[in-house]
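Worksheet: the structure to be examined is printed underneath.
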Amino acid sequence: MEKVIYDFYSDLFDSHVYMPTCHLRQDGYVVPSVLSSEIRHAITSMRNGTAPGPDRIKAEHLKSQSLSKPLPGFSRDDIGHYRPICLLPVIYKLFTRVIPNRIGKILDEGQPCEQAGFWRGSSTIDHIHTVTRLIEKAFDTVETEAVNEALGNQGVPTQYVRMLRELYNNFTTRISPFYEEVIINVKRGVRQGDTISPELFSAALENVMRHMEWESMGVKVDGRYLHHLRFADDIVLITPNIEQAEQMLAEFDNACGKIGLRLNLTKTMFMRNGLVPDAPFMLNGTNISECSSYVYLGRKVNMMNDLAPELS
1 MEKVIYDFYS DLFDSHVYMP TCHLRQDGYV VPSVLSSEIR HAITSMRNGT APGPDRIKAE
61 HLKSQSLSKP LPGFSRDDIG HYRPICLLPV IYKLFTRVIP NRIGKILDEG QPCEQAGFWR
121 GSSTIDHIHT VTRLIEKAFD TVETEAVNEA LGNQGVPTQY VRMLRELYNN FTTRISPFYE
181 EVIINVKRGV RQGDTISPEL FSAALENVMR HMEWESMGVK VDGRYLHHLR FADDIVLITP
241 NIEQAEQMLA EFDNACGKIG LRLNLTKTMF MRNGLVPDAP FMLNGTNISE CSSYVYLGRK
301 VNMMNDLAPE LS
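Take 1 as the starting number for the sequence shown in full-length UniProt numbering and just add one per residue.
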């Protein structure tokens with residue numbers, strides 16, 4: 001069993017895409033000393049009752065690492081159905097709460113309106129075709145240098161990028177399935193369970209989206225084209241027809257592959273209204289399944305804007 005775990009996670013966390021070390025600009029920024037008020041704020045924002053890391057310190061003591069747990073509804077016998085969650089030292093988590101509190105505004109300003117929100121007036125759109133998908137093991141597979149490059153491109157001061165690079169340099173994870181610990185070298189991904197990870201991943205994904213030439217694609221809403229919505233690794237593509245959806249999905253898949261991400265085709269589906277002709281939807285020779293509704297951010301969405309499933 002230890003060998004199965006070692007082989008699976010060594011492959012999962014190994015870098016599969018060559019990315020040269022990104023050049024960090026010299027901006028002359030000096031990181032201010034951490035204030036006691038920042039520490040107090042970080043401590044009070046930590047949740048009680050969470051599992052301790054290898055230091056055995058709990059958040060309650062102040063007011064590596066990995067635990068794999070099975071995903072609900074999937075086979076416990078398939079290691080691919082387990083999601084690794086990092087049990088990080090509390091002092092580390094305290095530190096990584098201070099950083100996003102400082103750079104969070106910069107990253108938020110770098111995110112477009114398509115991120116983390118549903119569109120208004122969707123019932124007024126006559127022709128609409130949507131593709132919803134999840135990036136496969138997104139947090140575990142994004143290349144570290146892609147994250148560093150994205151942070152720099154979005155205006156994060158170089159010294160903070162260097163801090164984060166050091167936090168991820170020569171990183172290992174420890175898994176204890178039975179009696180013997182399994183040590184895995186981690187060469188890519190952001191840490192599940194770390195408060196800063198969603199912001200790091202969102203920055204990397206935003207860097208991908210900025211290179212998409214989709215200005216005239218999608219559906220016009222309030223005078224501008226809306227072609228996608230996203231919340232972390234939950235993506236919805238919005239197009240007027242299947243042909244454009246195939247093109248956009250293929251371009252997005254190709255761009256994601258360059259930073260280590262790939263589409264989870266088992267969870268990729270498309271939905272259309274009655275004004276879009278029935279036609280097969282393919283990506284790299286794989287048929288994309290059609291659905292009449294799907295759950296996005298906890299809400300069941302359908303083309304009729306029927307709220308009955310939500311209210312029942």
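Note that beta-carbon positions come from the ideal geometry of N, C-alpha and C, so glycine has one too.
message: Is the beta carbon of Leu237 closer than 8 Å to that of Ala250?
response: Counting from one through the sequence shown, the residue named residue 250 turns up at place 250. Counting from one through the sequence shown, the residue named residue 237 turns up at place 237. Result no, Cβ atoms of Ala250 and Leu237 do not sit closer than 8 Å.
Beta-carbon spacing of Asn207, Asn284 below 8 Å: For this step, residue 207 is matched to residue 207 along the sequence shown. For this step, residue 284 is matched to residue 284 along the sequence shown. The beta carbons of Asn207 and Asn284 sit no closer together than 8 Å.
query: Is it true that the CB of Asp140 sits closer than 8 Å to the CB of Pro84?
result: If you number the sequence shown from 1, residue 84 lands on position 84. If you number the sequence shown from 1, residue 140 lands on position 140. Yes. Within cutoff.
- prompt: Can you give the Cα-Cα distance for Tyr92 and Asn169, rounded to whole angstroms?
  reply: Taking the sequence shown and counting its residues from 1, one reaches residue 92 at position 92. Taking the sequence shown and counting its residues from 1, one reaches residue 169 at position 169. Cα-Cα distance, rounded: 14 Å.
field: Met303 classed as buried or exposed, judged by whether at least 16 other C-beta atoms fall within 10 angstroms
entry: Within the sequence shown, residue 303 is the residue found at index 303, counting from 1. Buried, by the Cβ-count rule.
- prompt: In terms of residue numbering, what span does the alpha helix (DSSP H) encompassing Asp7 cover?
  reply: Against the sequence shown, residue 7 aligns to sequence position 7. Its alpha helix (DSSP H) spans residues Glu2 to Phe13.
message: For Leu263 and Asp7, I'd like the C-alpha separation in whole angstroms.
response: Indexing the sequence shown from 1 puts residue 263 at position 263. Indexing the sequence shown from 1 puts residue 7 at position 7. In a straight line, the C-alpha of Leu263 is about 22 Å away from that of Asp7.
query: Is it a yes or a no for the region 184-191 touching the region 5-19, going by three-plus beta-carbon pairs under 8 Å?
result: yes
query: Of all the options Gly110, Tyr294 and Ala146, which has the alpha carbon lying nearest to the alpha carbon of Leu24?
result: Residue numbering aside, residue 24 sits at position 24 when the sequence shown is read from its first letter. Ranking the options by Cα distance to Leu24, first place goes to Ala146.
query: CA-CA distance, Arg162 and Leu229?
result: Indexing the sequence shown from 1 puts residue 162 at position 162. Indexing the sequence shown from 1 puts residue 229 at position 229. Roughly 31 Å separates the two Cα atoms.
Backbone secondary structure at Glu290 - three-state DSSP: Walking along the sequence shown from the start, residue 290 turns up at place 290. Of the three classes helix, strand and coil, the one that applies to Glu290 here is strand, per DSSP.
- request: Going by CA-CA distance only, name the one from Asn273, Ser292 and Ile242 that's closest to Phe281.
  value: Looking up residue 281 in the sequence shown gives position 281. Closest by alpha carbon: Ile242.
task: Buried or exposed for Phe13, please, with buried defined as at least 16 other CB atoms from any protein chain shown within 10 angstroms of its CB.
output: Residue numbering aside, residue 13 sits at position 13 when the sequence shown is read from its first letter. Of the other Cβ atoms in all chains shown, 16 or more fall within 10 Å of the Cβ of Phe13; this residue is therefore buried.
message: Is the separation between the beta-carbon of Thr268 and that of Val90 shorter than 8 Å?
response: The residue given as residue 268 occupies position 268 in the sequence shown. The residue given as residue 90 occupies position 90 in the sequence shown. Going by C-beta atoms, Thr268 is not nearer than 8 Å to Val90.
task: In the DSSP assignment, find the unbroken beta strand (DSSP E) run with His227 in it and report its ends.
output: Here residue 227 refers to the residue found at position 227 of the sequence shown. Premise fails: His227 is in no beta strand (DSSP E) and is neither H nor E.
Limits of the alpha helix (DSSP H) - the one that Arg165 falls within: Numbered from its first residue, the sequence shown carries residue 165 at position 165. Run containing Arg165: Thr158 to Tyr168, per the alpha helix (DSSP H) assignment.
- prompt: According to DSSP, what are the bridge partners of Phe171?
  reply: Taking the first residue of the sequence shown as position 1, residue 171 is located at position 171. Paired residue(s): Val186.
- prompt: Within 10 angstroms of its Cβ, does Asp77 collect 16 or more other Cβ (buried), or is it exposed?
  reply: What you label residue 77 is simply residue 77 of the sequence shown in a count that begins at 1. Classification of Asp77: exposed, given that the 10 Å Cβ count is below 16.
His16, buried or exposed, once every other Cβ within 10 Å from all chains shown has been counted against 16: Indexing the sequence shown from 1 puts residue 16 at position 16. His16 is exposed by the Cβ-count criterion.
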